[in-house]
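Converting from the sequence shown to the numbering used here requires adding 2 to each position, the first position being numbered 1. Reading through the structure tokens given below for one structure.
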Amino acid sequence: MSKQTFEKHLNDEIKRLPSEQAPDRDLWLGIEKAISKPHSTKLSASKMTYGLAASLMVMSFVAWFSFQSGKTVQGSELVAVLSEQHQAQKQALLVQYKNQTSATENWQQQISELDEAANAIKKALEEEPNNPALLKMLKHVYEQQMSLIERVHAPSWNQI
Numbered sequence: 003m004s005k006q007t008f009e010k011h012l013n014d015e016i017k018r019l020p021s022e023q024a025p026d027r028d029l030w031l032g033i034e035k036a037i038s039k040p041h042s043t044k045l046s047a048s049k050m051t052y053g054l055a056a057s058l059m060v061m062s063f064v065a066w067f068s069f070q071s072g073k074t075v076q077g078s079e080l081v082a083v084l085s086e087q088h089q090a091q092k093q094a095l096l097v098q099y100k101n102q103t104s105a106t107e108n109w110q111q112q113i114s115e116l117d118e119a120a121n122a123i124k125k126a127l128e129e130e131p132n133n134p135a136l137l138k139m140l141k142h143v144y145e146q147q148m149s150l151i152e153r154v155h156a157p158s159w160n161q162i
């Protein structure tokens, strides 16, 4: 069908449509009820009590966390926390992909090489615990490990 015949056919079909369409039922009854119904803004005592308790809980959590945030983690403690978090995430991923076949055979060797790189960076961080470049490198190595595990176990249709 050419463009001109399609447009002509479309215009013919549009002309055959009714110019107005009535709803299946009377809508004014529902509109009238919605407008005339008085809205109750009165709160029950139990709702106010629960609201007050919830707001006090939120305020206490905010206050507690703001005092806790003053204790910043730095140096070797930061490296230990990062390493611990990474190991937990890595183990969770490995458990998740435990029963799936891997796309390559040497992925575990690559993981161990990245582990060696992370250990070398950790040793350097023992010398300079607050070096931001080393911390960034360690984070990058950890991210590479996670993405390697995800890529190796991705479904074959996802690797295209």
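For each residue, glycine too, the CB sits at the ideal point set by N, CA and C. For clarity, every value in this text was computed on a predicted model and none was experimentally measured.
Asked                                                                                                     : Found
Beta-carbon gap between A120 and L140 smaller than 8 Å                                                    : yes
DSSP state of L80 mapped onto helix, strand, coil                                                         : helix
Reduced DSSP secondary structure (H/G/I, E/B, other) of Y99                                               : coil
Rounded separation between E34 and R153 - CA only                                                         : 59 Å
Exposure of L127, with buried meaning 16 or more beta-carbon neighbours within 10 Å                       : buried
Cα-Cα separation, A90 to A82                                                                              : 12 Å
Secondary structure of V134, DSSP reduced to three states                                                 : Note on residue identity: the sequence assigns Pro, not Val, to residue 134. In the structure shown, P134 sits in a helix (DSSP, three-state: H, G or I).
Short Cβ contact (8 Å threshold) for Y99 with H11                                                         : no
Cβ-Cβ distance between L116 and Q147 below 8 Å                                                            : yes
I16, buried or exposed, once every other Cβ within 10 Å from all chains shown has been counted against 16 : exposed
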